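Chains as they are written, first to last, in the numbering used here: chain A, 24 to 134; chain B, 24 to 134.
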DNA sequence: GCGCCAAATCGAAAAATGTCAATGTGAAAT
DNA sequence: ATTTCACATTGACATTTTTCGATTTGGCGC
């Protein structure tokens, strides 16, 4: 399903500790790439790659100004992702077990 | 940092659309492996592998009963992960830009 | 124009991941 | 005890991801 694929891209991006740290930094406000690079032991091309992944899933936006690129968090994607996380983890009523597929003991409980 | 590594494991697990779907299913209540397997086009060994990843990051708990294994979501891990997500995305005051590293235009704004 | 700087892109190598068929394990039924 | 069933583990393979050095691109200062 597209619904899952789209939303899990953000989780995939945040699944890397360094990218989560970058997001954490950006939560304080806009930063340029060079500033982020200073805080990590990684090559410039590697950071550029991580930033691309963060931008592609929508959680980070890039703004170019002269020779610099500034990054910020995207509030809209963040709230959508929060909502998705809540949606897939909060209790719902449409349990597939009600279909009684008879594959295990629990399937017949609600007869 | 361990703080990031620990929490991003959950995101990594949820970064796969099929695993996110499984979590969505489990939000309706406990399910046995066979029931989950019915809903996907994947081999039994592949499902077992996905369930292991979901269990290892803590978001899913396994309960064995006879020859069946029942899975449930772990509320504690879910709330911790929500908290982590909020922590790294909500505005904070300790911006590293205040250090004035002079690497770009924005670094000198607050002098 | 020329060279310098910030950042993106390319190409390649190493590591991790997703998937399956085959096999192992432990419980239940006969 | 033997078979069957649910699930885990293993080994193998293809794909994806991570990372780097080298190169390219585009802006800025001289």
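A virtual CB, placed ideally from N, CA and C, is assigned to each residue, including glycine.
The model shown is predicted, which means the values in this text are computed figures rather than measured ones.
| Item | Value |
| --- | --- |
| For residue 70/A, which residues of its own chain have a beta-carbon under 6 Å away from its beta-carbon, when the five flanking residues on both sides are left out? | 60 |
| Note down, one range per segment and in chain order, each beta strand (DSSP E) of at least 3 residues found wholly within the segment 62 to 108 of chain A. | 83 to 88, 91 to 96 |
| Helix, strand or coil: which one does DSSP assign to residue 126/A? | coil |
| Could you give the distance in angstroms between the alpha-carbon of residue 91/A and the alpha-carbon of residue 58/A? | 11 Å |
| Just reading off the alpha helix (DSSP H) that residue 115/A is part of, what are its end residues? | Segment: none, residue 115/A is in no alpha helix (DSSP H) and carries neither H nor E. |
| Could you list which residues in chain B have their beta carbon closer than 8 Å to that of residue 61/A, in chain order? | 124, 126 |
| Which residues in chain B have a C-beta closer than 7 Å to the C-beta of residue 81/A? List them in chain order. | By Cβ distance, chain B contributes nothing, its closest Cβ being about 13 Å from residue 81/A, past 7 Å. |
| Apart from the five residues just before and just after residue 93/B, which ones in its own chain have a Cβ nearer than 6 Å to its Cβ? | 53, 55, 86 |
| Assess contact between the segment 62 to 81 of chain A and the segment 73 to 83 of chain B, defined as three or more Cβ pairs (one per stretch) separated by less than 8 Å. Is contact present? | no |
| Which complete alpha helix (DSSP H) runs does the segment 26 to 63 of chain A hold, if anything under 4 residues is left out? | 40 to 49, 56 to 61 |
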